[in-house]
Amino acid sequence: MLAQGFYISIPIISIILKKGDIEMELIKTGTEGLDQILKGGLRKNSSVLITGAPGTGKTIMALQFIYYGAKDSNENGIFISTEEDLNDLRDYAKNFGMDFKEMEKKGKIFLYEKPVAMLRGGLVSLSGLLNLIKKKKIQRIAFDSIIFFEYLYPKLSNNTMEFRRQVLLFMQKMKRANVTLLTVSERKITDLDRLEYDMMDFVFEGFIMLSRIRKGSYFERVLTVEKMRGQEHNLDIYPIAIDKKGVRILHDQVPFSLVERQEEKIDFK
Ligand SMILES: Nc1ncnc2c1ncn2[C@@H]1O[C@H](COP(=O)(O)OP(=O)(O)O)[C@@H](O)[C@H]1O
Ligand SMILES: [Mg+2]
């Protein structure tokens, strides 16, 4: 099942890349330290998945992508939440110094929650989203979480292959509409040594993993870039810091939990 998903996804993704404009323009991720790891940032108009265990910083990173994209890079954004109430989300973002209300007032950011009231009639549809992208000059979209695709294609949840095909077509449309797409997903097993890939993972051009490493009674949050199609990036494991300024990736540090683990292995005989 796993191998099948992998082999089938590659030709479809490459078609998308061939058809789209292959530009190497890089955009800032909004997360300090991540741009350095990605050697400049995310490829403009690409699709990236941020996946990991609960509480690892995925939502904050998605909020930063949209907020700082609008504020510092002048790229208007849409954030669609299937997880949280929008007022809670605004308050949550404010804890980390992001004033979404201000950017919403300026018409630079648009927040939606499931079941997405963006369309007249309250229905989710691709054409509705594309209209909004055009009208509001949207260049960044974040889905928190991947479950949004199930709202978009409700009839396909039992047909995995067709569901994936539709999601790939969706990404192709986003690329053509000049939108960079960041999607969040959650997974139970994030042990970097026995990582199991999900069918949907291969649909995205980029794949960033947030996990926890245990050292005794302490957990450390870490980030790895598993894949970034057509782009050079570092493969190391980086510590993540979360404080009132949000999520930062300590791109010039090694997780202390791993350093200590390596030291334990040293044989002094
Ligand atoms: N003010 C804060 N200072 C430090 N850490 C925080 C703060 N607020 C939230 N966190 C941490 O951020 C994590 C939640 O990040 P979030 O992006 O919402 O996670 P998820 O990956 O589940 O989307 C929590 O584990 C919490 O410990
Ligand atoms: Mg979350």
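Going by the working numbering, the first residue of the sequence shown is number 22, and it counts up by one from there. Built from N, CA and C at the ideal position, the CB exists for glycine as well.
Item                                                                                                 : Value
Sheet register partners of M230 (DSSP bridge)                                                        : T72, T245
Burial state of D222 (16 or more Cβ within 10 Å)                                                     : buried
Where the beta strand (DSSP E) through N152 begins and ends                                          : Premise fails: N152 lies in the alpha helix (DSSP H), 147-156, not in any beta strand (DSSP E).
8 Å contact criterion, which R161 and T201 should meet: CB distance rounded                          : 5 Å
Ligand 4 heavy atom lying under 7 Å from the CB of T72                                               : The ligand content of the structure shown is limited to ligand 1 and ligand 2, which means ligand 4 is not among them.
Minimum C-alpha distance to T80 - residue among K65, L63, I101, G237                                 : I101
Cβ contact (3+ pairs, closer than 8 Å) linking the stretch 115-126 and the stretch 81-90             : yes
Reduced DSSP category for I81 - H, G, I as helix; E, B as strand; rest coil                          : helix
Reference L70, options V246, H272, E253, I258, closest by Cα                                         : V246
Cβ neighbours of S178 in the same chain (closer than 7 Å, five flanking residues each side left out) : E171, F184
Segment contact flag, the stretch 48-56 with the stretch 231-239, C-beta cutoff 8 Å, min 3 pairs     : no
Candidates N152, R208, G76, R250: closest to I263 by CA position                                     : G76
CB of R243 within 8 Å of CB of I258, strictly                                                        : The sequence as given places Val at residue 243; Arg does not occur at that position. The answer is yes: Cβ separation under 8 Å.
Beta carbon of F191 nearer than 8 Å to that of T204                                                  : no
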